[in-house]
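Student: The number in this note's numbering is simply the position in the sequence shown, starting from 1, with 10 added.
Note that beta-carbon positions come from the ideal geometry of N, C-alpha and C, so glycine has one too.
Please read through the structure below; I'll follow up with questions.
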Amino acid sequence: MQIDIFDSPDILAQLTARKIIDMVSRKPNALLCLAGGETPRLTYQYIVEGAKNNGIDFSLVQFVSLDEWVGIPASNKGSCYYFLHETIFEPLAIKQTNIHFFNSTAGNLSAECERINQIIQNLGGIDLMLVGIGMNGHIGFNEPGISPYLFAHVIELDIITQQVGQKYFSEITPLQKGISLGMAQFMQSGMVILLATGNKKAPIIKKALEENVSAAVPAGFIQEHTNAFVLLDSEAAGLLS
Ligand code: F6R
């Protein structure tokens, strides 16, 4: 695991965008899994800019969902899909056939998990997964206590996730369950990048990176990944020894 600390979220975003563009330059049909949430917003802006300015072709890149709020349709501005549509898919004109997202309003969510697991397998596995970290240490919706061996699954969301998640919605929205890739898929990804910015992430970053690995802080499993990058701004890194 390599930890890099940047003076500002802006420099961090530029560097992260470069890593993703490099991946696409090396492997034009890469399978990417990109998190929603506030942290990567600027990175996505730089990916779009970088791809356009340098003529990087994203037409063969495949995208798979990291997670989604159960019962929240893709058309809802608070959904993970909507966020990625706005920030990446639409600006880069990604074809719908290259986007593989959980349908979190499907009647049979177990079948939905199986469908996404199968797509990942058929596409040869995830080349690069970019994740944020929840205030409780989650990755995707792998909440504290989760088994590290799970693939896609439906999960009862931690109370912290239910509360913090309200920030993505314009009105109070019940967020009891999530559908998410599992830690097994995180650990099997060819490269993983964990981003964190801001003072509020400093305590959980310290736990994830400096405490013994355990399911209590799922993001801590990144310590055991063989090709992992943790990219932090100086505030998020503020409590590291
Ligand atoms: C979102 C996701 C979540 C977020 C995490 C941090 O798709 O998977 O795990 O990455 O909750 O969210 P922000 O970036 O909003 O602090």
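(1) At which residue ranges does the region 59-142 contain complete alpha helix (DSSP H) runs of 4 or more residues, listed in the order of the chain?
(2) Going by beta carbon distance, what residues of the same chain come within less than 6 Å of Q172, once the five residues before and after it are set aside?
(3) Could you check how far apart the C-beta atoms of L52 and A23 are, in whole angstroms? I think they sit under 8 Å.
(4) Considering just the uninterrupted stretch of the beta strand (DSSP E) at S244, what are its terminal residues?
(5) What does a CB cutoff of less than 8 Å around G208 pick up in its chain, not counting 5 residues either side in sequence?
(6) Taking N108 and E122 to be in contact with their CB atoms under 8 Å, please state how far apart those CB atoms are, rounded to whole angstroms.
(7) Beta carbon of C90: closer than 7 Å to some heavy atom of ligand 1?
(8) Could you give the DSSP three-state label for N146: helix, strand or coil?
(9) Excluding five sequence neighbours on each side, which residues of the same chain lie with their C-beta closer than 6 Å to the C-beta of V227?
(10) Grouping DSSP H, G and I as helix and E and B as strand, with all else coil, what is S35?
Tutor: Taking the definition as stated:
(1) 90-94, 119-132
(2) L185
(3) 4 Å
(4) It is not in any beta strand (DSSP E) - S244 carries neither H nor E in the DSSP assignment.
(5) P19, D243, E245, A246
(6) That pair is no contact at about 19 Å.
(7) yes
(8) coil
(9) G147, K217, A218
(10) helix
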